[in-house]
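The sequence shown begins at 12 in my numbering and counts up by one.
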Amino acid sequence: MVSEIRLYTEQEFHEKAQQYSAVLSSRGVSVNIELIEKLNARFLRLNPELSLCVDADGLWLAANGMKMQPDWKAEVGRLKRASLKSEMIARACNLAEKPQLVDATAGLGHDSLLMAHLGAHVTLVERHPILFTLLEDSHQRAQQDAFLSSVVARIELVFSDSADYLKHLSTTNQIFDVVYLDPMFPQRDQNQQAVKKQAQVKKQMQLLHLLLPEDGEMDLGDNLLDLAQKIAKRVVVKRPRLAVFLANQEPQHQWQGDACRFDVYFQHDLVT
Ligand SMILES: C[S@@+](CC[C@H](N)C(=O)[O-])C[C@H]1O[C@@H](n2cnc3c(N)ncnc32)[C@H](O)[C@@H]1O
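Here it is as structure tokens:
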């Protein structure tokens, strides 16, 4: 996992950059701030290595000339079009019931933003210190947005490894309606056609892959299924369409889409 990273910013945002740097350092990431004249597309092309940047858009990640940010404001159009009927994730997670839900693999938080918009109360767990700090920044900025503020009021962020967090919920007898899992999956196995349709999503995933360990050592999250089943009445696992089952465990139900599917595991004996 990245524990040292360069941060580019212009003089105007130096103080803000120092604040992010202090937060990241408290989470074990050492940041080297570099003041530059102009943070623009040309600069990013000339400096393709993985780095953080701070400007009027807040904190974001850059690599290979690309920008990545859990840009929740950019999701507003998609949220406005979404409905309980049109979204497969809504049926898989039974969002009509406004569940108490743990998203144990937050990433950019886009799935959770949609689920919170459709009524879920979400606890969003991420263990990567840089991703978590990016999420926290997006969450704070969304609180100032007229449309998003009521959505993010239903999202609570937790910086933890989900294995530890789920164990804690289990030992303190806390039962949730849903645990949602979308662990990393080696990119080569993803459905190519569907990925093409989502070029922007693909770019963001490439950057996510740069932050996380190499494919060989990638933690595929198999350990989370068993832990999730101890504390949730329903565990929903998002998978690339043709991927193997998480922990090789066959689900009781599946929702199949073009690009991905949702495998669902029910624990009927758990009660809140
Ligand atoms: C594929 S991404 C999730 C994408 C997310 N569904 C979205 O909509 O943006 C997987 C994320 O889960 C995180 N993750 C994987 N295992 C985890 C664990 N045990 N605890 C906390 N976070 C974990 C990774 O750091 C990565 O950010």
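Every residue gets a Cβ at the ideal spot worked out from N, C-alpha and C, and that includes glycine. Quick caveat, the model's predicted, so the values are computed rather than measured.
CB residue i to CB residue j, shorter than 8 Å?
{"i": "F143", "j": "F170", "result": "yes"}
{"i": "S32", "j": "S14", "result": "no"}
{"i": "R245", "j": "V189", "result": "yes"}
{"i": "A107", "j": "L95", "result": "yes"}
{"i": "Q263", "j": "F273", "result": "no"}
{"i": "K84", "j": "D175", "result": "no"}
{"i": "A254", "j": "L192", "result": "no"}
{"i": "A4", "j": "H128", "result": "Outside the displayed span of the chain (12 to 283) sits residue 4, for which this structure offers no information."}
{"i": "L145", "j": "Q215", "result": "no"}
{"i": "P194", "j": "L235", "result": "yes"}
Is residue i a contact residue of ligand 1, with contact defined as CB to any heavy atom under 7 Å?
{"i": "R89", "result": "no"}
{"i": "P194", "result": "yes"}
{"i": "G268", "result": "no"}
{"i": "G76", "result": "no"}
{"i": "R38", "result": "no"}
{"i": "E137", "result": "yes"}
{"i": "D122", "result": "yes"}
{"i": "A73", "result": "no"}
{"i": "L119", "result": "yes"}
{"i": "A52", "result": "no"}
{"i": "A174", "result": "yes"}
{"i": "D233", "result": "no"}
{"i": "T116", "result": "yes"}
{"i": "L218", "result": "no"}
Which of the three DSSP states is assigned to residue i in this structure?
{"i": "F158", "result": "coil"}
{"i": "H139", "result": "coil"}
{"i": "D200", "result": "Reliability fails at D200, whose pLDDT of 44 lies under 50, so the model's placement of it is uncertain and the value that follows must be treated cautiously. Three-state DSSP puts D200 in a helix."}
{"i": "R53", "result": "helix"}
{"i": "N43", "result": "strand"}
{"i": "H246", "result": "It should be noted that the sequence gives Val, not His, for residue 246. Residue state, collapsed to three classes: strand."}
{"i": "A73", "result": "strand"}
{"i": "L146", "result": "helix"}
{"i": "T116", "result": "coil"}
{"i": "F187", "result": "strand"}
{"i": "E261", "result": "coil"}
{"i": "F1", "result": "Because the chain in this structure spans residues 12 to 283, residue 1 falls outside the shown range and cannot be described."}
{"i": "V206", "result": "At V206, the pLDDT of 44 sits below 50, so the modelled position is not reliable and the matter cannot be decided from this model."}
{"i": "Q278", "result": "coil"}
{"i": "R38", "result": "coil"}
{"i": "L106", "result": "helix"}
{"i": "A67", "result": "coil"}
{"i": "Q80", "result": "coil"}
Examine chain B for any beta-carbon lying closer than 8 Å to the beta-carbon of residue i, and answer yes or no.
{"i": "A131", "result": "Absent from the structure is chain B; it holds one protein chain and no more."}
With contact counted as at least three CB pairs below 8 Å, one residue from each stretch, are the stretch 66-74 and the stretch 228-237 in contact?
-> no
Does the pairing of the stretch 36-47 with the stretch 17-25 give three or more beta-carbon distances under 8 Å?
-> yes
Below 8 Å, can you find three or more Cβ-Cβ pairs linking the stretch 159-175 to the stretch 214-222?
-> no
Using 8 Å as the Cβ pair cut-off and three pairs as the minimum, do the stretch 114-130 and the stretch 72-90 touch?
-> yes
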